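Count along the sequence shown starting at 1, add 13, and that's the number in this note's numbering. We put the beta carbon where it would ideally sit given N, CA and C, even for glycine. Keep in mind the model is a prediction, meaning the values are calculated, not measured.
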Amino acid sequence: MMFLSGSLISLYLCLSVALADPVPITPTVTAPFGTIIGRKGRLNPTVHEYLGIPYAKPPTGPLRFAPPVRLPNQKTPITAKEFGLSCPSQPLSVPANTAFNFTALEGEDCLSINIWTKPGRNNAPVLVWIYGGGFIFGTSNNILYDGTQFAANNEVVIASLNYRTNVFGFPNSPAVSTENLGILDQRLALEWIRDNIKSFGGNPSQMTLFGHSAGGASVEIHSYAWAQDPIVKGYISQSGTAGLTALIGGGDNYYRWGNLTEKVGCATAGTEKQKLECMQALPWENITNGMKALDLSDKALGAFAPRVDGKIIFSFEEYKKRADNGLFAKLPMLIGNTDAEFGPGGALSPNNIGSLQFPKGLTPEQLDTLASAIVFDCPAKEAARVRAQHKVPIWRYRYFGSFNFNSTHDITIGATHGAELLVLFGTALYMGNPPARERAVIMWMQAAWTAFAADPSTGLSSAPFKLPLYKPISLSPTLIRLTFKEEVAPSLAYPQEYDGICYLVDLIPTGLERRGEE
14 MMFLSGSLIS LYLCLSVALA DPVPITPTVT APFGTIIGRK GRLNPTVHEY
64 LGIPYAKPPT GPLRFAPPVR LPNQKTPITA KEFGLSCPSQ PLSVPANTAF
114 NFTALEGEDC LSINIWTKPG RNNAPVLVWI YGGGFIFGTS NNILYDGTQF
164 AANNEVVIAS LNYRTNVFGF PNSPAVSTEN LGILDQRLAL EWIRDNIKSF
214 GGNPSQMTLF GHSAGGASVE IHSYAWAQDP IVKGYISQSG TAGLTALIGG
264 GDNYYRWGNL TEKVGCATAG TEKQKLECMQ ALPWENITNG MKALDLSDKA
314 LGAFAPRVDG KIIFSFEEYK KRADNGLFAK LPMLIGNTDA EFGPGGALSP
364 NNIGSLQFPK GLTPEQLDTL ASAIVFDCPA KEAARVRAQH KVPIWRYRYF
414 GSFNFNSTHD ITIGATHGAE LLVLFGTALY MGNPPARERA VIMWMQAAWT
464 AFAADPSTGL SSAPFKLPLY KPISLSPTLI RLTFKEEVAP SLAYPQEYDG
514 ICYLVDLIPT GLERRGEE
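Shown next as structure tokens:
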């Protein structure tokens with residue numbers, strides 16, 4: 014994945030100012046939450062953006078390591094012209110050429126929402142974005158996820174949210190009564206959007222949750238955790254399923270909490286409750302520095318992460334039972350992944366997955382293929398199969414595009430983890446002047462995602478897309494290949510062309526080996 018350079022961003026900010034209307038009109042909405050003052054989009058002034066809208070009280074002091082608390086409706090106007098703080102991230106090294114590097118300011122008062130819409134928009138479908146980052150880092154303040162072009166080109170309202178990650182979102186402490194706080198953040202943000210989006214031109218009854226990687230996993234987590242009250246009408250899961258939590262959590266992670274309390278000087282505070290209170294009293298920077306000092310043997314994944322609690326996150330065995338019995342929100346879904354998730358030079362490496370044991374003697378290419386199958390391909394296959402089994406509208410795709418949007422990207426490595434994001438959000442439009450073919454792919458993908466949001470049950474089956482529902486076994490091909498051989502129009506394939514490896518790996522229904530209890 015590529016990351017947009019500061020010079021290009023500056024160029025487009027200047028162009029946006031130059032193209033602005035001569036008489037500035039400040040975008041303002043009056044929502045149930047209060048009066049919210051936004052701005053014209055810096056990347057496209059025809060779009061109005063409302064950034065950094067707080068949806069919860071700052072999770073500081075006694076609210077640190079606790080469920081989010083919704084902010085009451087505000088009596089004074091809220092200025093929403095800049096992104097809010099990003100939630101504190103776990104120190105991590107990722108490849109320099111990926112979009113997962115970011116320099117956004119961090120802080121605990123980070124639970125905020127961003128909305129992109131156009132003036133005059135009314136009752137439009139809503140796409141709500143959840144970012145990835147392995148549940149250990151991430152932010153909505155990333156040019157990669159900017160909703161400007163998506164909202165400009167399509168009859169849709171785009172929203173994104175911040176949620177707590179690593180120990181702040183998933184403390185795994187024996188003293189906390191509620192775990193998986195980061196997922197609860199997402200849920201509270203979703204409730205806020207439902208209650209206020211009409212004021213931004215969106216339809217609260219026509220919301221779709223979409224996300225990538227850990228965000229894609231979160232999407233499916235929501236379908237199980239809130240099966241009876243999903244809020245949304247459809248799900249789009251990109252390179253992530255609920256089973257991903259097995260690689261980054263699932264066992265008894267209390268020892269990590271104990272190690273962290275030692276690093277920051279809270280281990281001798283007394284009881285577990287007193288240790289928690291000590292941790293709540295520290296500056297947040299002390300905690301991130303403490304994580305930096307830990308030996309997190311699971312590298313990118315597996316430190317402080319979602320934990321099985323039987324309410325929000327379930328064990329593999331329980332996910333299997335719920336899947337077989339249809340105990341999930343039976344809402345239409347679009348699910349898929351890229352063709353080379355673990356391709357060389359991409360954002361992910363098999364070495365990042367410390368909880369998986371790979372056979373010895375594999376070539377790097379074989380290792381990448383096996384890791385992609387275990388972590389992404391086969392879980393997507395199983396998630397799609399379960400929904401098809403229960404006659405839920407389900408489409409499954411595989412993304413092949415590897416476009417040279419800037420000179421730092423080697424297109425020969427294929428479509429690695431996150432390769433579709435530059436296209437989906439139209440970020441590539443700010444990376445020079447993409448050829449007509451690449452522009453057409455951007456428009457096609459945005460239109461398809463919008464069609465799904467507008468009508469999750471039949472939007473993709475109808476003209477102009479006419480894409481078939483996924484069937485694991487069929488006389489006709491039902492796997493949708495996006496940008497296959499760099500073509501704009503999708504092509505179809507039999508799932509078996511790509512799923513054969515899944516039958517060679519000892520997988521359980523969510524597609525990942527069960528991590529042993531620690």
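Have a look at residue i and residue j and give me their C-alpha separation to the nearest angstrom.
i, j, result
"arginine 335", "alanine 238", "11 Å"
"proline 508", "serine 487", "9 Å"
"phenylalanine 46", "serine 173", "17 Å"
"glycine 195", "tyrosine 176", "5 Å"
"valine 501", "proline 447", "14 Å"
"glycine 414", "alanine 428", "6 Å"
"isoleucine 514", "glutamine 379", "11 Å"
"asparagine 302", "alanine 280", "16 Å"
"isoleucine 49", "histidine 61", "12 Å"
"valine 436", "valine 454", "7 Å"
"aspartate 512", "isoleucine 326", "27 Å"
"glutamate 433", "isoleucine 387", "20 Å"
"proline 104", "aspartate 381", "24 Å"
"threonine 471", "lysine 333", "28 Å"
"leucine 579", "threonine 491", "This structure leaves residue 579 out entirely; the chain is present only between 14 and 531."
"glutamine 241", "lysine 394", "24 Å"
"lysine 131", "alanine 164", "7 Å"
"arginine 6", "proline 217", "Within the shown structure, residues of the chain are numbered from 14 to 531, placing residue 6 beyond reach of any answer."
"lysine 211", "isoleucine 128", "12 Å"
"glycine 54", "isoleucine 171", "13 Å"
"serine 102", "asparagine 350", "25 Å"
"leucine 203", "asparagine 299", "31 Å"
"tyrosine 516", "tyrosine 410", "19 Å"
"glutamate 510", "phenylalanine 389", "16 Å"
"phenylalanine 341", "glutamine 402", "13 Å"
"glycine 283", "asparagine 185", "18 Å"
"tryptophan 457", "glutamate 233", "25 Å"
"threonine 254", "serine 226", "8 Å"
Taking C-beta to C-beta, are residue i and residue j nearer than 8 Å?
i, j, result
"phenylalanine 148", "threonine 178", "yes"
"leucine 197", "proline 67", "no"
"phenylalanine 181", "asparagine 193", "no"
"tyrosine 248", "serine 236", "yes"
"alanine 466", "phenylalanine 478", "no"
"threonine 376", "asparagine 167", "no"
"isoleucine 143", "glycine 228", "yes"
"threonine 221", "valine 189", "no"
"serine 385", "phenylalanine 355", "yes"
"glycine 224", "proline 392", "no"
"leucine 442", "glutamine 251", "no"
"glycine 439", "glutamine 459", "yes"
"asparagine 154", "serine 99", "yes"
"proline 187", "tyrosine 268", "no"
"valine 405", "proline 345", "yes"
"leucine 201", "alanine 79", "no"
"leucine 13", "tryptophan 408", "Outside the shown range of the chain, which is 14 to 531, sits residue 13, and nothing can be said about it."
"proline 71", "glutamate 121", "yes"
Check the C-beta distance from residue i over to residue j and give it rounded, since I have them as a contact under 8 Å.
i, j, result
"arginine 494", "leucine 480", "Not really, about 11 Å apart at Cβ, beyond 8 Å."
"glycine 97", "glycine 146", "Not a contact, Cβ separation roughly 17 Å."
"asparagine 209", "alanine 93", "The pair is not a contact, with the Cβ atoms about 12 Å apart (cut-off 8 Å)."
"glycine 51", "proline 58", "So it is not a contact: roughly 12 Å between Cβ atoms."
"valine 139", "glutamine 199", "Wrong, their Cβ atoms sit about 15 Å apart, outside the cutoff."
"threonine 274", "alanine 318", "Incorrect: roughly 18 Å between the Cβ atoms, too far for contact."
"valine 42", "phenylalanine 213", "6 Å"
Assign residue i to one of two classes, buried (16 or more other C-beta atoms within 10 Å of its C-beta) or exposed (fewer than that).
i, result
"threonine 73", "exposed"
"lysine 305", "exposed"
"asparagine 338", "exposed"
"aspartate 352", "buried"
"glutamate 499", "exposed"
"alanine 537", "Residue coverage of the chain in this structure runs from 14 to 531, which leaves residue 537 outside it and unanswerable."
"arginine 450", "exposed"
"serine 475", "exposed"
"valine 36", "For valine 36, the predicted structure reports a pLDDT of 47, less than 50, and the residue's modelled location is therefore unreliable. The matter cannot be settled from this model."
"serine 125", "buried"
"serine 489", "exposed"
"phenylalanine 16", "With a pLDDT of 37 at phenylalanine 16, under the threshold of 50, the modelled position of that residue is not reliable, and no figure is offered here."
"proline 243", "buried"
"glutamine 287", "exposed"
"alanine 294", "exposed"
With a threshold of 7 Å, establish whether the CB of residue i neighbours any heavy atom of the ligand ATP.
i, result
"asparagine 57", "In terms of ligand content, the structure shown is empty, and the ligand ATP therefore cannot be addressed."
Legend entry - Segments of 3+ residues assigned as beta strand (DSSP E) that fall wholly inside the segment 437-478: The beta strand (DSSP E) runs lying completely inside the segment 437-478 and spanning 3 residues or more number zero.
Inset, instruction - Taking only runs that begin and end inside the segment 327-357, name each unbroken beta strand (DSSP E) of 3 or more residues, in chain order. - result: DSSP assignment within the segment 327-357 yields the following whole beta strand (DSSP E) runs of 3 residues or more, N-terminal first: 346-351.
Legend entry - Minimum length 3: unbroken beta strand (DSSP E) runs contained in the segment 212-253: Listed in chain order, they are 215-225, 247-251.
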